[in-house]
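Numbering (my numbering), first residue to last: 406 to 524.
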C-alpha cells in the first residue's frame, strides 16, 4: 500500500466538523442567551435595604449582553439571504440604537451604512 492509498482511506467522518458563519452566529446567540438567563437572578438584590448603587450595579453588564443578543443574529440573517433593508427594519423594531450597533457584529465587506439605514 502506498502513502497515497493511506491518505485516501481516511474516512470523511474523521475530518473536523466546521460550522458555517450562520451556524456559528446561532450558537453564539444561544450561548449569550444562556449566559444572560444565568446572570439575571444575580441582578436582583435580596437585601431589604441595598447599598447605594446596588440596584444598578449589574445593569450595564446585562445591557451589553442584550446588545449582543441583537447583534449576533445579523450574520445568520445575512447568510440566510436577508437584505440589509430587512435587517434594518427588524432592528428598528427593537430600537434605533440597536440598528446603529449592528455594524460591529459583522465582518468587513458584509455591511454598508446605506443597507442599514435604507438610504
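Cβ coordinates follow ideal geometry from the N, Cα and C atoms, glycine included.
query, result
"Residue 437 to residue 453, Cα distance in whole Å?", "30 Å"
"Can you find the residues in the same chain that come closer than 6 Å, C-beta to C-beta, to residue 481, ignoring five residues on each side of it along the sequence?", "427, 430, 431"
"Using the Cβ count rule (16 or more neighbours within 10 Å means buried), how would you classify residue 477?", "buried"
"Could you spell out the range, first to last residue, of the alpha helix (DSSP H) harbouring residue 437?", "426-448"
"So the candidates are 496, 443, 447; which of them puts its Cα closest to the Cα of residue 472?", "496"
"When we look at the beta-carbon of residue 433 and count the other beta-carbons within 10 Å, is it buried (16 or more) or exposed?", "buried"
"Measure the CB-CB distance between residue 356 and residue 470 and report whether it falls below 8 Å.", "The chain is shown only over 406 to 524; residue 356 falls outside these bounds and no answer can be derived."
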